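Visitor: Counting with UniProt numbering, you get residues 1 to 493 for the letters of the sequence shown. Beta carbons are placed, not taken as given, at the ideal position from N, Cα and C, and that holds for glycine. All figures in this text were calculated on a predicted structure; none of them were measured in a lab. Dropping the structure in here first, questions after.
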Amino acid sequence: MIKLDQGGKETEGFDSCMGQSSSQGARMTSPVSIIVVGAGSRGEIYSKFASIHPGRMKVVGVADPRKFARTNLKKQHNILDENTFEDWQSVAEKEKFADAVAICTPDRLHKEPAVAFAKKGYHILLEKPMATTAEDCKAIVEACIQSGVMLSVGHVLRYDPVISKIKELIDTGVVGDVIHIQHLEPVGFYHFAHSFVRGNWRNEAESSFALLAKSCHDIDLIHHWAGARRCVKVSSFGSVSHFKKENKPTGAADRCLDCAIEKGCPYSASKIYLDRVKLGHTGWPVAVICPNSCPDIESVTEALRIGPYGRCVYECDNDVCTNQVVNMEFEGGLTAAFSMVAFTEMLCQRKTTIYGSKGELSYDGDQIHVFDFLTQRSTKYTAHSNIPGQFGLSGHGGADYHLIDAFISAVANNDPSLIRSGPKDALVSHLLVFEAERSRLENRVVYCVRLVLSRRQDRISSTDPVLGDGGLVSIFTLRSCDGLDGANLRWSF
C-alpha cells in the first residue's frame with residue numbers, strides 16, 4: 001500500500017521489522033491475471049508480456065468497442081467469451097475476476113475507469129497521461145490510495161536503462177551539484193502530422209493539449225532528475241505553427257489522393273502510409289489508420305480516401321502546439337529548460353544536457369557522455385535493455401518491456417517499491433504540466449507553492465515571499481487517509 005505521511009511524503013508501506021508489505025498478502029505463485037481495457041497499440045504492447053512470460057502474466061479479459069481490436073486480442077490470449085466486452089463499464093459491473101487492469105483507453109476516458117477499478121480492488125497500470133484535468137488526476141490517486149491498490153502510470157521513460165543510468169550518475173555526484181538541465185523532445189515531422197495534425201491527439205477538445213499528450217514524459221524526467229528539489233516557478237510559451245489553412249499551397253486538394261502536387265509535400269499521406277505498406281511495413285503508423293482490418297494496399301487506400309488520415313495537413317481541425325518551451329526553477333537555484341518541436345528529422349530521440357558543478361553530462365540516443373572538469377576527460381557510459389526475443393516490446397528504448405515487467409513483479413510480490421512511476425511522483429509531474437500550460441495560456445510565470453497538512457479547511461497560509469494575488473495554488477485533499485484521523489492532506493509540488 002502506498003502511504004502518505006503527515007508531511008505529504010510518499011512511503012513504501014513496509015514493516016521495518018518483517019520486510020513485508022503492510023498491506024499483507026503472500027507472494028503469488030500463479031501468473032498475475034490482467035484485464036486489458038483498450039485494445040489499441042498500447043494495450044496490445046503491454047499484453048505481449050504474457051506471450052514472453054506466460055508463467056508470470058496471463059491476459060484474462062479484454063474490453064474495446066472496436067470488434068476487430070477486441071477479437072484480435074481475444075484470439076492472441078485465448079480469452080473466454082464471457083470475459084470479452086465492448087466497454088469498460090461491463091467489466092466493472094462484474095465481480096472482480098483478475099488481479100490487475102491495464103487501462104489504455106483514449107486520454108479523456110481514463111478517470112472514470114481508473115476510479116471504478118480501484119474501488120473494485122484491481123491494481124492499475126494506467127497509460128499516460130493519467131487524465132486530462134488536474135482534478136481528475138487527483139481523483140485517481142485518491143481512489144487508489146483509499147482502496148489500497150497499486151497504481152503504475154505509463155511514464156515508460158523512467159524504466160529506460162539509459163535514463164536510469166543518468167539518474168544514477170546524478171545521484172552519485174559524477175557531475176557535482178546539478179545547476180541546469182536542458183532537454184529536447186524531437187517529435188518527428190511525419191509523426192507529428194500523423195498523431196497531432198490528422199490523428200487522435202490533434203484537437204484539445206477531443207483529447208488533450210500537446211504538452212500533456214506528448215511530453216508529460218519529459219516533464220516527469222526533469223522532475224525525476226531534480227530529485228528532492230521541488231519546482232518553485234514555471235513558465236511556458238508555444239503555438240500552432242505551419243499546419244494552418246493559410247499555409248495551404250496553391251493548387252493543393254483537400255485530400256492527398258486527389259492532390260496534383262502531393263509529390264512535392266513532405267506530409268503527403270501517400271508517402272507516409274501507402275509507400276510504407278507497399279514495402280511491407282504494416283506496423284505503426286500504418287496499422288493505426290486501419291483499426292478494423294489488417295492493413296494492405298486496398299484497405300489503406302480506402303482509409304486515405306474517406307478517413308481522417310487522408311486529409312491535407314492544411315485542412316485539419318488541429319489546435320495543439322507544434323512547438324513549446326517550458327522553463328522551470330527548482331529549490332536551490334536549479335533551472336531547467338524543455339523544448340518540444342514537431343519539425344525534426346529524429347523521431348522522439350530525446351537529447352539531454354545536464355550541467356553540473358564538476359562536469360557536463362550529455363545524452364543523445366543510447367549513449368551517455370560525461371566530461372569531467374577536473375581531468376578534462378570524457379567518459380562514455382552505456383546501458384542495455386536485455387529484452388528477451390523479438391516480441392514488439394522494444395519501444396521507448398526497451399522501456400515498454402521494463403515498465404510492464406516492473407508492474408507485474410510489484411503485483412506478484414505485493415511490493416509497490418518496484419514501481420518507478422507511482423502515484424505521488426506521477427501526480428506531481430502531471431501538476432507541473434498543467435501549470436506550465438496555464439502559464440502559456442495566461443502569458444505569465446506561475447509560482448508553485450508548498451502547502452502543508454492542515455486540519456483547517458477554510459484557509460491556507462504560505463510563507464513564499466514571491467506569491468502575490470496572481471500566484472496559483474494547487475491543492476490536493478485526501479480525507480481520512482492512512483490514519484490521518486480526518487485531517488486534510490493539502491500539498492502541492
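1) Give every residue of the same chain whose Cβ lies closer than 8 angstroms to the Cβ of Ala143, excluding the five residues on either side of it in the sequence, and list them in chain order.
2) For Asp319, collect the residues of the same chain with a Cβ closer than 7 angstroms to its Cβ; drop the 5 residues on either side in sequence, then sort them by chain order.
3) Just curious, the alpha helix (DSSP H) that Tyr429 is in, first and last residue?
4) Secondary structure at Lys223, three-state DSSP: helix, strand or coil?
5) Quick check: what's the CA-CA separation for Tyr314 versus Ala342?
6) DSSP three-state label for Asn78, please.
7) Compute the Euclidean distance between the alpha carbons of Ala108 and Phe209, then round it to the nearest angstrom.
8) Would you mind reading off the limits of the beta strand (DSSP E) that contains His191?
9) Just tell me which of Ala287, Pro129, Thr29 has its CA closest to the CA of Leu212.
10) Cβ atoms of Asp87 and Ala63: under 9 angstroms apart, would you say?
11) Near residue 512, which residues of its chain fall below 6 angstroms by C-beta distance, leaving aside the five closest residues on each side in sequence?
12) Determine the direct distance from the alpha carbon of Leu374 to that of Ala102, and round the result to whole angstroms.
13) Where does Val300 land, buried or exposed, given buried means 16+ other C-beta within 10 angstroms?
14) Going by DSSP, name the residue or residues bridged to Tyr447.
15) Per DSSP, Thr250 forms a beta bridge with which residues?
16) Note down the Cα distance separating Phe434 from Ile272, rounded to an integer number of angstroms.
17) Does the segment 139–153 touch the segment 412–427, meaning 3 or more C-beta pairs lie closer than 8 angstroms?
18) Just reading off the beta strand (DSSP E) that Ile103 is part of, what are its end residues?
19) Short of 6 angstroms in beta carbon distance, which residues of its chain neighbour His191, apart from the five on each side in sequence? Order them along the chain.
20) For the structure I just gave you, are there three or more beta carbon pairs, one from the segment 250–259 and one from the segment 158–169, closer than 8 angstroms?
21) Excluding the 5 residues flanking Ser378 on each side, which residues of the same chain have their C-beta closer than 8 angstroms to its C-beta?
22) Mapping DSSP to helix, strand and coil, what is Ile140?
23) Can the beta-carbon of Phe189 be found less than 9 angstroms from the beta-carbon of Glu345?
24) Cβ atoms of Asp366 and Thr353: under 9 angstroms apart, would you say?
25) Name the two residues that bound the continuous alpha helix (DSSP H) containing Gln89.
26) Could you compute how far the alpha carbon of Gly61 sits from the alpha carbon of His384?
27) Hey, would you say Phe243 sits closer than 9 angstroms to Thr322, going by beta carbons?
28) When we look at the beta-carbon of Met1 and count the other beta-carbons within 10 Å, is it buried (16 or more) or exposed?
29) Helix, strand or coil for Asp296, going by three-state DSSP, please let me know.
30) In chain order, what residues of the same chain lie with their CB nearer than 7 angstroms to the CB of Arg229, ignoring the 5 residues before and after it?
31) Write down every uninterrupted run of the alpha helix (DSSP H) in the segment 271–358 whose length is 4 residues or greater and which is fully enclosed by it, in chain order.
32) Straight-line CA distance for Pro106 to Thr133?
33) Would you call the CB atoms of Met328 and Ala436 closer than 9 angstroms?
34) Do Ser235 and Ser41 have their C-beta atoms closer together than 9 angstroms?
35) Mark Gly121 as exposed unless 16 or more other C-beta atoms lie within 10 angstroms of its C-beta, in which case mark it buried.
36) Using the three-state DSSP reduction, which class does Asp372 fall into: helix, strand or coil?
Guide: Looking at the atomic coordinates:
1) Translated into the one-based positions of the sequence shown, residue 143 becomes position 143. Once the five neighbours on either side are set aside, the close Cβ partners of Ala143 are Ala114, Val115, Ala118, Lys119.
2) Locating residue 319 in the sequence shown gives position 319, counting from the first residue. Taken in chain order, the residues that qualify are Asn203, Glu204, Val240.
3) Taking the sequence shown and counting its residues from 1, the one referred to as residue 429 is at position 429. In the sequence under discussion, the amino acid at residue 429 is Ser, which differs from the Tyr named in the question. Its alpha helix (DSSP H) spans residues 423–442.
4) Within the sequence shown, numbered from 1, the residue matching residue 223 stands at position 223. The displayed chain sequence assigns His, not Lys, to residue 223. DSSP places His223 in helix when its eight states are reduced to three.
5) The sequence position of residue 314 within the sequence shown is 314, counting from 1. The sequence position of residue 342 within the sequence shown is 342, counting from 1. Roughly 15 angstroms between the two C-alpha positions.
6) Locating residue 78 in the sequence shown gives position 78, counting from the first residue. If DSSP states are grouped into helix, strand and coil, Asn78 belongs with coil.
7) As a position in the sequence shown, residue 108 is number 108, starting the count at 1. As a position in the sequence shown, residue 209 is number 209, starting the count at 1. The displayed chain sequence assigns Arg, not Ala, to residue 108. Their Cα atoms are separated by approximately 11 angstroms.
8) Your numbering for residue 191 matches position 191 in the sequence shown. Per DSSP, His191 belongs to no beta strand (DSSP E); it is in the alpha helix (DSSP H), 189–192.
9) The residue labelled residue 212 in the question sits at position 212 within the sequence shown. Nearest C-alpha to Leu212: Pro129.
10) Numbered from 1 along the sequence shown, position 63 holds the residue referred to as residue 63. Numbered from 1 along the sequence shown, position 87 holds the residue referred to as residue 87. In this structure, Asp87 lies closer than 9 angstroms to Ala63 by Cβ.
11) The first residue shown for the chain is 1 and the last is 493, placing residue 512 beyond what the model contains.
12) Taking the first residue of the sequence shown as position 1, residue 102 is located at position 102. Taking the first residue of the sequence shown as position 1, residue 374 is located at position 374. Ala102 and Leu374: Cα-Cα distance of roughly 48 angstroms.
13) Indexing the sequence shown from 1 puts residue 300 at position 300. So Val300 ends up on the buried side.
14) Here residue 447 refers to the residue found at position 447 when the sequence shown is read from its first residue. Beta-bridge pairing links Tyr447 to Lys233.
15) Taking the first residue of the sequence shown as position 1, residue 250 is located at position 250. According to DSSP, which records beta bridges pairwise, Thr250 is partnered with nothing at all.
16) Against the sequence shown, residue 434 aligns to sequence position 434. Against the sequence shown, residue 272 aligns to sequence position 272. Each residue's Cα considered, the two are about 32 angstroms apart.
17) yes
18) Here residue 103 corresponds to residue number 103 of the sequence shown, with the count starting at 1. Element bounds for Ile103: 100–103.
19) Here residue 191 corresponds to residue number 191 of the sequence shown, with the count starting at 1. Here the set comprises Leu347.
20) no
21) Here residue 378 refers to the residue found at position 378 of the sequence shown. Taken in chain order, the residues that qualify are His369, Val370, Phe371, Asp372.
22) Looking up residue 140 in the sequence shown gives position 140. Three-state DSSP puts Ile140 in a helix.
23) On the sequence shown, position 189 is the one that residue 189 refers to. On the sequence shown, position 345 is the one that residue 345 refers to. Yes. Within cutoff.
24) Taking the sequence shown and counting its residues from 1, one reaches residue 353 at position 353. Taking the sequence shown and counting its residues from 1, one reaches residue 366 at position 366. Not a contact, by the Cβ cut-off of 9 angstroms.
25) For the purposes of this step, residue 89 is taken as residue 89 along the sequence shown, with counting starting at 1. Start and end: 88–93.
26) Numbered from 1 along the sequence shown, position 61 holds the residue referred to as residue 61. Numbered from 1 along the sequence shown, position 384 holds the residue referred to as residue 384. Answer to the nearest angstrom: the Cα atoms are 33 angstroms apart.
27) As a first step, residue 243 is located in the sequence shown; it is residue number 243 there, counting from the start. As a first step, residue 322 is located in the sequence shown; it is residue number 322 there, counting from the start. In this structure, Thr322 lies closer than 9 angstroms to Phe243 by Cβ.
28) The sequence position of residue 1 within the sequence shown is 1, counting from 1. Confidence is the limiting factor: at Met1 the pLDDT is only 31, short of 50, which leaves the residue's position unreliable and the question unanswerable from this model.
29) Here residue 296 is taken as the residue at index 296 of the sequence shown, counted from 1. In this structure, Asp296 counts as coil in the three-state DSSP scheme.
30) As a position in the sequence shown, residue 229 is number 229, starting the count at 1. Closer than 7 angstroms at the Cβ level, and outside the excluded window around Arg229, lie Phe330, Glu331, Gly332, Leu334.
31) 275–278, 297–306
32) As a position in the sequence shown, residue 106 is number 106, starting the count at 1. As a position in the sequence shown, residue 133 is number 133, starting the count at 1. About 14 angstroms.
33) Along the sequence shown, one-based indexing puts residue 328 at 328. Along the sequence shown, one-based indexing puts residue 436 at 436. Contact flag set, yes.
34) For the purposes of this step, residue 235 is taken as the residue at position 235 of the sequence shown. For the purposes of this step, residue 41 is taken as the residue at position 41 of the sequence shown. Not a contact, by the Cβ cut-off of 9 angstroms.
35) Within the sequence shown, numbered from 1, the residue matching residue 121 stands at position 121. So Gly121 counts as exposed.
36) As a first step, residue 372 is located in the sequence shown; it is residue number 372 there, counting from the start. In this structure, Asp372 counts as strand in the three-state DSSP scheme.
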